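Residue numbers (the UniProt record's numbering): 1 to 188. Just so you know, even glycine gets a beta-carbon here, dropped at the ideal spot from N, CA and C. All figures in this text were calculated on a predicted structure; none of them were measured in a lab. Please read the structure below before turning to the comments.
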Ligand code: GRF
C-alpha cells in the first residue's frame, strides 16, 4: 500500500512511520512527504530516507485549495493510496478530502474529543486533568473531529511538567502510530 505523509514541522512521528516501513514491519511504502512549510525539519528526514517531497507555502501558490490541487496531482503521480497526517497544521479542504475519503488518518496528542486544536498537551496540563493521551482518527472537514480509530491514555503525575508530559506522549505516539497504520491498511 502506497502512503503519503503530511507534516509541518519536526516530523518525529513521520520518522517513526518511515522506520517501521524500512524495517519491514509495515506493509506500506512511503511514496511522498508533503509539507506546507519548506523549512520544516521533516524534509531533511525525507531526504535522508530517500523519500520524494512536495513542499511549498500555500500562500505562494495562490491559497490552500490551489496548493492542495498541486499536492493532489503529485499524490496521483506517485500512486499514493493513503494519506497519513502527523503534525500537519492545517485543515484539509474537499480538494483532498473527497478523493481520499476514509483514507486519511491523523494523530492528536489528547484523548479526543477533549482538547482539540493547537497545543493539546498544554491545554490538558493547564486544565489540571489527571489523564490525557493520544488519539488516532480518520480525518474529516472538522478540527480533530473524524471517527476515532484508537486511543491510549497517559496519567499526568504530580511531578510531571509540560516537558515530561510532552515526552511521554511522543513516546506513545511513536509506538502507536505505526501499529495503527499497519492495522488500518491491512484491514482494508
Ligand atoms: C504530534 O504530537 C501529533 O500528535 C500532533 O503534532 C505533533 C507532531 O509532532 N498532531 P512531530 O512533528 O511528529 O514530532
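Can you find the residues in the same chain that come closer than 6 Å, C-beta to C-beta, to residue 21, ignoring five residues on each side of it along the sequence?
Against the chain shown, residue 21 aligns to sequence position 21. These residues qualify, in order along the chain: 28 and 30.
Contact belief for residue 139 with residue 92 at Cβ below 8 Å, rounded distance in angstroms
As a first step, residue 139 is located in the chain shown; it is residue number 139 there, counting from the start. As a first step, residue 92 is located in the chain shown; it is residue number 92 there, counting from the start. Indeed, because the Cβ distance is near 6 Å, the residues count as touching under 8 Å.
Following the continuous beta strand (DSSP E) through residue 35, name the residue where it begins and the one where it ends.
The sequence position of residue 35 within the chain shown is 35, counting from 1. Counting along the chain, the beta strand (DSSP E) containing residue 35 begins and ends at 29-35.
Closest to residue 166 by CA distance: which of 110, 127 and 183 is it?
Counting from 1 along the chain shown, the entry for residue 166 is found at position 166. Here the closest residue by C-alpha is 110.
Cβ-Cβ distance between residue 55 and residue 72 below 8 Å:
Locating residue 55 in the chain shown gives position 55, counting from the first residue. Locating residue 72 in the chain shown gives position 72, counting from the first residue. In this structure, residue 72 does not lie closer than 8 Å to residue 55 by Cβ.
Under 7 Å: does the beta carbon of residue 10 sit that close to some heavy atom of ligand 1?
The count along the chain shown starts at 1 and reaches residue 10 at position 10. True, at least one ligand heavy atom lies under 7 Å from that Cβ.
I believe residue 184 touches residue 148 by the beta-carbon criterion, under 8 Å. Please report the beta-carbon distance rounded to the nearest angstrom.
The residue labelled residue 184 in the question sits at position 184 within the chain shown. The residue labelled residue 148 in the question sits at position 148 within the chain shown. Contact flag wrong, Cβ pair sits at about 12 Å.
Suppose you measure from the CA of residue 75 to the CA of residue 94; what does that come to, to the nearest Å?
Taking the chain shown and counting its residues from 1, one reaches residue 75 at position 75. Taking the chain shown and counting its residues from 1, one reaches residue 94 at position 94. Taking the straight line joining both Cα atoms gives about 15 Å.
What does residue 48 pair with, by DSSP beta-bridge criteria?
Taking the chain shown and counting its residues from 1, the one referred to as residue 48 is at position 48. None; residue 48 has no bridge partner.
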